[in-house]
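Below you'll find the structure, written out as structure tokens, and then a few comments.
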Amino acid sequence: MTSYSPRWIWQQPGWPTFHWDEQALSTPLRECHLLQGKLLGLAGTVADDVEASEELDSLLRNVITSSAIEGETLNAASVRSSLARRLGVVTDARGATPRSEGLASLMVDATHGYDSPLDMARLLRWHVWLFPTGDSVLPSRIHVGELRGKEPMQVVSGRIDRPIVHFEAPPRDGLEEQLTAFLAWFDASREDRTLDPLLRAGLAHFWFVTLHPFDDGNGRLTRALTDLALAQAGHEAIRFHAMSVSILADRQGYYDVLEASQKGGLDITPWLLWFLTTLKDSLERALAQIDRVLAKARFWNRHRADHLSAEQVKVLNRLLDGGERGFAHGISASQYGAVAGVSKATATRHLAELLDKGCLVRLPGGGRSTRYAIP
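To convert, note that position 92 of the sequence shown is 91 in numbering that gives the first Met the number 0; the numbers rise steadily by one, no gaps.
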């Protein structure tokens, strides 16, 4: 008589009673809490108008990258417009679409509505927001605002005639009971003092995405649910970091650890270790961004009386903002001219003025290769 060997974690005896190695997770968990506290403290020093702008940018990055993980490219301007109206940054939402309005509603509800219970009605409303009426890219034959249909839910790749099944979700029969049990745990675990709130977010992410309760949108709803759990853990901190950005940066690692864990036993230490490592990256990115914001504010406080031209201000802000378009290795005269939209002679004169006023320094090198940077 052959013994039965479960293929998927939800077939394991004891599912969903997860366990993990607390010692293995203690260091990354401590590091995440320290970074979270530092982020909260640093964010408190930012002026109100800058804080609102940073929150808007953070939520925008979260929405855009969560969809990018699924291979979908969104119109950033439309999503930003919808988010801005919900945050009170603007009073209208010109350029908004049903898609951007739904995604903005979902993100703001998850990050700002952390005191409201996550029940079935709220979860189904999230799904409706994810696939709003009038959305031209709405996939056919999906149950919007309803749990998935009777057919097996599988994550596959490869050729049609030789598919590779990476994961198969629990069957449709009994899904309501499993999802109800998850939602009851999510509500009760918030008051569980023995469960670290960051581990709770990692558990919620894994459990929900393994249930895979909808025909489509499970990944995006899982990440929204994770944002809700992190908002409940850190309240204000979630407004300034976008975990989806860090997940996208290691998208293959994300899928690999999910697949391995969903094919394994109830010890999900490897998943939680990946989750905490990715959360740490997210917090570090947020701290670096806040540092740039504060440095920018200090810079303009020093140079507010320098009577700079609009073109000079534009280039300096580009350098101060950093990032992919921020000229990490300094800016040349020709690049200055291209960004500012001025002639070579004017660019050379502007750079000389900025050097005299201490707004820029000349980097090592000379001639045509001379580059300039913020001190």
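All C-beta atoms in this analysis are idealised placements derived from N, C-alpha and C, irrespective of residue type, glycine included.
Assuming residue i contacts residue j (C-beta within less than 8 Å), just tell me the rounded distance between them.
i, j, result
"LYS343", "ALA327", "Contact flag wrong, Cβ pair sits at about 23 Å."
"ALA285", "PRO269", "Contact flag wrong, Cβ pair sits at about 25 Å."
"LEU122", "MET106", "15 Å between Cβ atoms; not a contact."
"LEU102", "VAL62", "5 Å"
"ARG219", "SER99", "Contact doesn't hold; Cβ gap of about 14 Å is too wide."
"PHE166", "PHE207", "Actually they are not in contact, since the Cβ atoms of PHE166 and PHE207 sit about 14 Å apart, beyond 8 Å."
"ARG238", "THR110", "6 Å"
"SER378", "ALA241", "This structure does not reach residue 378, given that the chain is present from 0 up to 374, and the question cannot be answered."
"ILE289", "LEU38", "7 Å"
"GLY173", "ILE8", "Actually they do not touch by this definition, with Cβ atoms about 16 Å apart."
By how many angstroms is the C-alpha of residue j removed from the C-alpha of residue i?
i, j, result
"MET0", "GLY157", "For MET0, the predicted model reports a pLDDT of 42, less than 50, meaning its position is unreliable; a value from the coordinates is still stated below. For MET0 and GLY157, the distance between alpha carbons rounds to 34 Å."
"ALA200", "THR225", "6 Å"
"PHE213", "PRO169", "12 Å"
"PRO363", "CYS31", "38 Å"
"MET119", "HIS204", "16 Å"
"ALA232", "ARG192", "12 Å"
"TYR371", "PHE298", "16 Å"
"ASP305", "LYS356", "7 Å"
"GLN153", "GLY87", "41 Å"
"GLY40", "LEU293", "13 Å"
"ASP354", "TYR254", "Per the sequence presented here, residue 354 reads as Leu, with Asp not at that position. About 49 Å."
"PRO196", "THR16", "17 Å"
"TYR113", "ASP186", "11 Å"
"LYS149", "GLU176", "15 Å"
"ARG6", "PRO97", "40 Å"
"ALA23", "LEU202", "16 Å"
"GLN10", "ASP160", "27 Å"
"ARG140", "ARG147", "10 Å"
"ARG85", "ARG348", "44 Å"
"ARG171", "LEU178", "11 Å"
"HIS211", "GLU145", "12 Å"
"ALA287", "ALA351", "30 Å"
"TYR335", "GLU71", "34 Å"
"ALA51", "ALA337", "31 Å"
Leaving out five residues on either side along the sequence, give the residues of the same chain with a beta carbon under 8 Å from the beta carbon of residue i.
i, result
"PRO27", "LEU272, LEU275, THR276 and LYS279"
"ASN316", "LYS295"
"VAL256", "PRO269, TRP270 and TRP273"
"SER368", "SER331"
Less than 7 Å between C-beta atoms, sequence neighbours within five positions excluded: which residues of the same chain meet that for residue i?
i, result
"VAL143", "HIS126, VAL127 and PHE130"
"ILE68", "GLY218, SER243, ILE246, LEU247 and ARG250"
"HIS18", "LEU265 and ASP266"
"ALA76", "GLY94"
"VAL78", "LEU59, VAL62, ILE63, SER99, LEU102 and ALA103"
Buried or exposed, going by whether 16 or more other CB atoms sit within 10 Å of the CB of residue i?
i, result
"THR382", "It is not possible to answer for residue 382, since the shown part of the chain is limited to 0 through 374."
"GLN311", "buried"
"PRO162", "exposed"
"GLN35", "buried"
"LEU194", "exposed"
"GLU54", "buried"
"GLU314", "First, the residue type needs correcting, since residue 314 is Val and not Glu in the sequence shown. Classification for VAL314: buried."
"LEU33", "exposed"
"SER115", "exposed"
"VAL164", "exposed"
"THR132", "exposed"
"LEU155", "Here residue 155 is Val; the residue named in the question, Leu, does not match the sequence. Exposed: under 16 other Cβ atoms inside 10 Å."
"SER281", "buried"
"ALA183", "exposed"
Kindly list the residues whose CB is nearer than 6 Å to the CB of residue i, restricted to its own chain and excluding five residues on each side of it in sequence; keep chain order.
i, result
"PRO374", "VAL360"
"LEU73", "ILE63 and SER66"
"ARG291", "GLY321"
"GLY252", "none"
Could you tell me whether any Cβ in chain D is nearer than 9 Å to the Cβ of residue i?
i, result
"VAL292", "Reference to chain D is not applicable here, since this structure consists of a single protein chain."
**In chain order, each beta strand (DSSP E) run of at least 3 residues that lies wholly inside the stretch 122-175** = 153-157 and 162-167
**OP:** Give, in chain order, every unbroken run of the alpha helix (DSSP H) that is at least 4 residues long and sits entirely within the stretch 9-57.
**Re:** 21-42
* To do: Note down, one range per segment and in chain order, each alpha helix (DSSP H) of at least 4 residues found wholly within the stretch 223-247.
  => none
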